[in-house]
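Asker: Here it is: the structure, laid out below.
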């Protein structure tokens, strides 16, 4: 059996270490996701956040405090995922290429964490920044969500780590992601929103990939264990959801947005479950995300773009899209 | 390989789109999955059909249509029988959400009928099931006229 570097360090009985060969891919998804992550690579320094200085000045003190608290909360999650979460998955990798992809994911999470600091240093004073970081240390609901996930990362169940990781990537970020989408829909902090959209895009690939690997690993388990993990997944999601609702209220009650954020949480909880191969849990009457938020997330996600949903007569065939695909013959 | 399926789809090894199609609970003969690898021989449609294809979040559309779908659509008769497209994707990809569906719809001049995320919710399943039934009724009345 091929032995990867990580398992080699744990079992000293083996007499060699296997070098990674990208010309033999036991799982083609590894190569595909590696390429996608590399093509998506970005750095926050390329986004002109300083153009948001004027817009920042139009926010009330309460709105500024809220925004900074949201961003320190997101920084905390990215810190966990970059230095603990993605790294903790490496020993459980099914292939050496998965190990390599996870190192990419870990690094990008650290880029995300750093990008919030860039936003802060551009828009806020040192004292305001310190206050916001203190809040993130002292808010019980934020600390609790971090603690729940960290407990699994420090455990030894690779499948449960993958579940916790996918839920973090695909669900726990979204109470925070809501706010920059809200500002963006009101033409505020639009450059900051561009950075957040790049992070949102990365998290989608991370959640998809870790969830996919979870499903592959699940194939090797007994029916009994599969059921246990499915129950565990829904239990963990409910536990984190209850906490998330309180955290959302801590942040958004003051500006009256809590109920609107909760719809966004339900919508993303469903996507986290789907990434793990499970059915969505929240029914459509509680996942009807505010169209302004959905449109800030994706401009072509509304019903008007669907032939089935709208009146067929008003439907226009999509605008021509520039493609550079070389393989089309026609 | 010839297929008379009215719903042809591509799904990678992640099986998200495959799961969505399973949830539609259509008779086996009415759906066909494109081969996973481009080295394999592609399908040849013999009846009008709708294509479901996922988008994997490429930058600005470049390279976002799966090669397997391109190979299939490079067969002229497959393009001629295509009546509509359904896109799968993730809104996290901003304006690239379901862009592969947009690209195929505009290249082949057919409507992009519906978009859903990942493996689709129960709501998506019932909307597509009902939408396709209506769509095929319209199509047959069009061809009868």
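Protein chains in written order, with the working numbering: chain A, 3 to 332; chain B, 830 to 974.
For every residue, glycine included, the Cβ atom is placed at its ideal position computed from N, Cα and C.
1) Residues of chain B with a CB under 9 Å from the CB of residue 205 (chain A): which are they?
2) Mind pulling the chain B residues with CB within less than 9 Å of residue 24 (chain A)?
3) If we define contact as Cβ-Cβ less than 8 Å, is residue 876 (chain B) a contact residue for chain A?
4) Output the boundary residues of the beta strand (DSSP E) element that contains residue 945 (chain B).
5) Assuming residue 872 (chain B) and residue 901 (chain B) form a contact by the criterion Cβ under 8 Å, report the distance between their Cβ atoms to the nearest whole angstrom.
6) Which residues in chain B sit within 8 Å of residue 44 (chain A), going by Cβ to Cβ distance?
7) Based on the DSSP output, what are the partners of residue 860 (chain B) in its beta bridges?
8) Straight-line CA distance for residue 28 (chain A) to residue 81 (chain A)?
9) Contact between the stretch 293-305 of chain A and the stretch 959-966 of chain B: three or more CB pairs below 8 Å?
10) Indicate whether residue 91 (chain A) and residue 164 (chain A) have their beta-carbon atoms separated by less than 8 Å.
11) When the Cα atoms are used, what is the spatial distance from residue 117 (chain A) to residue 148 (chain A)?
12) Using a Cβ cut-off of 9 Å, pull out every chain B residue sitting near residue 59 (chain A), in sequence order please.
13) Locate the alpha helix (DSSP H) running through residue 912 (chain B), then write down its first and last residues.
14) With a cut-off of 8 Å, does the C-beta of residue 850 (chain B) fall near any C-beta of chain A?
15) How would you label residue 279 (chain A), buried or exposed, when you count the other beta carbons within 10 angstroms and need 16 or more for buried?
16) Quick check: what's the CA-CA separation for residue 157 (chain A) versus residue 864 (chain B)?
17) Which one of A:264, A:301, A:273, A:308 has the shortest CA to CA distance from residue 845 (chain B)?
18) Would you kindly report the start and end of the unbroken alpha helix (DSSP H) that includes residue 150 (chain A)?
19) Taking all protein chains shown into account, do 16 or more other C-beta atoms lie within 10 angstroms of the C-beta of residue 881 (chain B), making it buried, or fewer, making it exposed?
20) Look at residue 265 (chain A) and residue 290 (chain A) and say whether their C-beta atoms are less than 8 Å apart.
Answerer: Reading it off the structure:
1) Within chain B, the residues near residue 205 (chain A) are 921.
2) Residue 24 (chain A) does not reach chain B, its nearest Cβ partner there being about 18 Å away, counting only Cβ pairs nearer than 9 Å.
3) Judged by the 8 Å Cβ criterion, residue 876 (chain B) is not in contact with chain A.
4) Looking at the DSSP string, the run of the beta strand (DSSP E) that includes residue 945 (chain B) is 941-946.
5) At roughly 6 Å, the Cβ-Cβ gap stays under 8 Å, so residue 872 (chain B) and residue 901 (chain B) are in contact.
6) Those do not exist, as residue 44 (chain A) stays about 10 Å from chain B at its closest Cβ, beyond 8 Å.
7) When beta bridges are read from the DSSP output, residue 860 (chain B) appears opposite B:836.
8) Each residue's Cα considered, the two are about 31 Å apart.
9) No, they do not touch.
10) In contact: residue 91 (chain A) and residue 164 (chain A) (Cβ atoms closer than 8 Å).
11) Using only the alpha carbons, I get a separation of about 20 Å.
12) Under the 9 Å cutoff, chain B gives no residues; its nearest Cβ is about 27 Å from residue 59 (chain A).
13) Unbroken run through residue 912 (chain B) is the beta strand (DSSP E), 911-918; no alpha helix (DSSP H).
14) Contact of residue 850 (chain B) with chain A is not assigned, every C-beta pair being separated by 8 Å or more.
15) Of the residues assessed, residue 279 (chain A) falls on the buried side of the cut-off, its CB having 16 or more other CB atoms within 10 angstroms.
16) In this structure, the CA atom of residue 157 (chain A) is about 40 Å from the CA atom of residue 864 (chain B).
17) Out of A:264, A:301, A:273, A:308, the CA that lies nearest to the CA of residue 845 (chain B) is found in A:273.
18) Per DSSP, the continuous alpha helix (DSSP H) segment holding residue 150 (chain A) begins and ends at 142-155.
19) Buried, because 16 or more other Cβ atoms sit within 10 Å of the Cβ of residue 881 (chain B).
20) Contact: yes.
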